[in-house]
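First residue of the sequence shown: 121, per the working numbering; consecutive thereafter.
A quick write-up on the structure given underneath.
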Amino acid sequence: MSARAICLLVMPLAAVVVAGLATDPPAAGQEPYREPLRPRVHFTPPQNFMNDPNGLVFYKGEYHLFYQHNPFGREWGHMSWGHAVSTDMLHWKHLPIALGEEDGVMIFSGSVVVDWHNTSGLCAGEDGDRSCLVAVYTGHGHGKQTQNLAYSNDRGRTWTKYANNPVIDLNLENFRDPKAFWDELSRRWVLVTVLAEQHKVRLFGSPDLKRWETLSDFGPAGATGGVWECPDLFPLPVDGNGGDVDINPGAVAGGSGGQYFVGRFDGTRFVNDNPPDQTLWVDYGKDFYATISFSDVPKSDGRRIWMAWISNWLYANDEPTETWRGAQSLPRVLQLRRLPEGIRLVQAPVAEIDGLRTGPEMAITGRATLPPSADIRFEVGRGAGQEAGLRLSNAAGEEITIGVRASGPELFVDRRRSRATAAHEAYAGRHAGPVRWRDERVTVRLLFDRSVVEVFANDGETVITDRVYPSAPLDRIEWLGGKAPEPARASMWELRSVWETR
Numbered sequence: 121m122s123a124r125a126i127c128l129l130v131m132p133l134a135a136v137v138v139a140g141l142a143t144d145p146p147a148a149g150q151e152p153y154r155e156p157l158r159p160r161v162h163f164t165p166p167q168n169f170m171n172d173p174n175g176l177v178f179y180k181g182e183y184h185l186f187y188q189h190n191p192f193g194r195e196w197g198h199m200s201w202g203h204a205v206s207t208d209m210l211h212w213k214h215l216p217i218a219l220g221e222e223d224g225v226m227i228f229s230g231s232v233v234v235d236w237h238n239t240s241g242l243c244a245g246e247d248g249d250r251s252c253l254v255a256v257y258t259g260h261g262h263g264k265q266t267q268n269l270a271y272s273n274d275r276g277r278t279w280t281k282y283a284n285n286p287v288i289d290l291n292l293e294n295f296r297d298p299k300a301f302w303d304e305l306s307r308r309w310v311l312v313t314v315l316a317e318q319h320k321v322r323l324f325g326s327p328d329l330k331r332w333e334t335l336s337d338f339g340p341a342g343a344t345g346g347v348w349e350c351p352d353l354f355p356l357p358v359d360g361n362g363g364d365v366d367i368n369p370g371a372v373a374g375g376s377g378g379q380y381f382v383g384r385f386d387g388t389r390f391v392n393d394n395p396p397d398q399t400l401w402v403d404y405g406k407d408f409y410a411t412i413s414f415s416d417v418p419k420s421d422g423r424r425i426w427m428a429w430i431s432n433w434l435y436a437n438d439e440p441t442e443t444w445r446g447a448q449s450l451p452r453v454l455q456l457r458r459l460p461e462g463i464r465l466v467q468a469p470v471a472e473i474d475g476l477r478t479g480p481e482m483a484i485t486g487r488a489t490l491p492p493s494a495d496i497r498f499e500v501g502r503g504a505g506q507e508a509g510l511r512l513s514n515a516a517g518e519e520i521t522i523g524v525r526a527s528g529p530e531l532f533v534d535r536r537r538s539r540a541t542a543a544h545e546a547y548a549g550r551h552a553g554p555v556r557w558r559d560e561r562v563t564v565r566l567l568f569d570r571s572v573v574e575v576f577a578n579d580g581e582t583v584i585t586d587r588v589y590p591s592a593p594l595d596r597i598e599w600l601g602g603k604a605p606e607p608a609r610a611s612m613w614e615l616r617s618v619w620e621t622r
């Protein structure tokens, strides 16, 4: 790992044991993806409850997405790993359950790596190929959480749990969410975990993914108002190492959210470059949690890409959807950028999304028809007034507004009027993050997808992600105040559904 990187920790809600055996979900047909609130571009499960993305990995031409999943119902429980594969991170093919709840042990979050040289001894080595996929996951049951292995020798289609599980057992109730990677500097596997209630990241090292020794602890630091979960540690461009940790509750917009740390990793220890009490937020919305980056993206690609669960533990079990709950974010490319206040994380949607545009670019001057999914760009000049931005609405009078407030200045998403009857008391709100004038303007990219908004200001320097639950589709778009202020401009492209074109 280089001199600098970014590290992430995310915290899902601790849970009770629910016994049961996971089964494969039914194949997804076309009709479920026409439900009024079902995103057309973002990943959602065929049915039932979904939360954290797990085990993101690229192997033999496929991106793998595993995810926390209840195969039996639309609320949290019976946690197992759902599974899907894609060649572009957008068009996903649903596969059977990868790892199922068994013997009173649920499958909590974790990661998947390619064991290229069979260091684990778990790879079958067919046709001279020494590699296989190895999952490192948390087993939750019998009053404690342990770290375990599973492996696949058929490109992730079937999985075998390691016979000598667990591989790490600290006899703790809240010790979870392993993220594994091969560290070239120390020539060993490194495992990043969390002691959730202690607000600590614990690092382990291993030559073979089976035998682990403790390397070091990081924390407490940053925000500690809730438990820490789902850590990640990786290098990024701009001479930096960094760390990110999600927190639940106590996030900037309330409930669950993510923070990150920028520092140095020497193969054993992570050292924060910033003051311990400084909090750097990944996203200023209320619905971006449990981030995890893809392992083994080819060096020829060179991108660090992550995804997150788009929901919040305050109301995840109460989303007003029909047959499913939970969505995953669009994949985002990560970089570090030197800003006036220091080195900061910037995020941008992957370029593959541009290929979903259909039809011409449409200018937004007065009121226009809003497609069910759209890529919207607008910019606001410093002289455009106290608040300038866009209103997305429907005939029922429900609306969300996205814009820039001059004082601050700040980027905001206001969903207080997005549903006539709130599905949960913690849902309504206005979420905002600091933004800066660049050449006397702020540029904004808004990805709208029925019940999801992902907003990126100034090429991803400030990001807000929110779910919206209108009772009827949001199908109108216009400038706040009815017309474009001066100076400002906006345009949009409709996005094709990834579920109806596979």
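Beta carbons: idealized from backbone N, C-alpha and C, even for Gly.
Assuming the contact rule is C-beta atoms closer than 8 Å, residue i and residue j should be a hit. Round their C-beta distance to whole Å, please.
i    : j    : result
Y179 : L253 : 6 Å
K299 : D352 : 5 Å
V177 : V234 : 7 Å
I387 : S326 : According to the sequence displayed, residue 387 carries Gly and not Ile. Going by Cβ atoms, the distance from G387 to S326 rounds to 13 Å, so no, they are not a contact pair.
V533 : V572 : With a Cβ gap of about 11 Å, V533 and V572 do not count as contacting.
Y282 : L269 : 4 Å
G375 : F169 : Incorrect: roughly 17 Å between the Cβ atoms, too far for contact.
D595 : L490 : 5 Å
L476 : V618 : 7 Å
N171 : A436 : 7 Å
In the DSSP assignment, what are the bridge partners of residue i?
i    : result
L185 : A204
N268 : Y257
K299 : V312
Q398 : In DSSP, Q398 forms no bridge with anything.
N624 : Residue 624 falls outside the range modelled here, since the chain spans only 121 to 622, and no answer is possible.
K281 : A270
K213 : V205
L454 : Q467
T441 : In DSSP, T441 forms no bridge with anything.
A488 : I597
From the options, pick the residue whose C-alpha is nearest to that of residue i; which is it?
i    : options                : result
G462 : P369, A546, L400, D303 : L400
T582 : V572, V256, V562       : V562
V564 : S617, G501, R587       : G501
K330 : V358, W279, T239       : T239
A548 : D407, L242, K603       : D407
N394 : T443, I425, R464, G377 : R464
R232 : E499, G276, P607, Q506 : Going by the sequence as given, residue 232 is Val instead of Arg. Of the listed residues, the one whose Cα sits closest to V232 is G276.
E560 : I288, E598, V524       : V524
V287 : T334, D274, W279       : T334
L356 : E349, T344, V382, G339 : V382
Y183 : G241, I425, I584       : I425
L219 : G342, V161, W201       : W201
R497 : E614, T441, R570       : E614
D221 : K213, H198, L566       : Looking at the sequence shown, residue 221 is not Asp but Glu. Taking only the C-alpha atoms, the option nearest E221 is H198.
A508 : H237, A343, A604, N392 : A604
H162 : R570, D579, F576, P590 : R570
W212 : Q379, L185, F576, A542 : L185
P480 : P469, A494, W302       : A494
L215 : W196, T258, Q167, E195 : Q167
A371 : R389, D403, Q398       : D403
N273 : G241, R587, Q267       : G241
H623 : T344, N285, V310       : For the chain, the structure presents residues 121 to 622; residue 623 sits outside this window and is missing.
A410 : W429, P492, R389, P396 : W429
Within the continuous beta strand (DSSP E) that includes residue i, where are the two ends?
i    : result
L290 : 288 to 292
L531 : 530 to 534
P460 : Note, P460: premise wrong, no beta strand (DSSP E); not H, not E.
Y409 : 409 to 413
E481 : 477 to 483
A508 : 507 to 513
R307 : Where R307 is concerned, there is no enclosing beta strand (DSSP E), given that its DSSP letter is neither H nor E.
Y179 : 168 to 179
G377 : 377 to 385
N392 : 390 to 392
M427 : 425 to 429
E519 : 519 to 525
I496 : 493 to 501
Between residue i and chain B, is any beta-carbon pair separated by less than 8 Å?
i    : result
P165 : Among the chains of the structure shown, chain B does not appear; only one protein chain is present.
Complete runs of the beta strand (DSSP E) confined to the segment 215 to 248 [at least 3 residues]
Within the segment 215 to 248, the runs of beta strand (DSSP E) at least 3 residues long that lie entirely inside it are, in chain order, 226 to 234.
For the segment 538 to 620, which segments carrying the beta strand (DSSP E) assignment without a break, of at least 3 residues, lie completely within its bounds, in sequence order?
If we require 3 residues or more, the beta strand (DSSP E) runs fully inside the segment 538 to 620 come out as 550 to 554, 561 to 569, 572 to 577, 582 to 587, 596 to 599, 608 to 615.
Unbroken stretches of the beta strand (DSSP E), 3 residues or longer, contained in the segment 317 to 352:
320 to 326, 333 to 338
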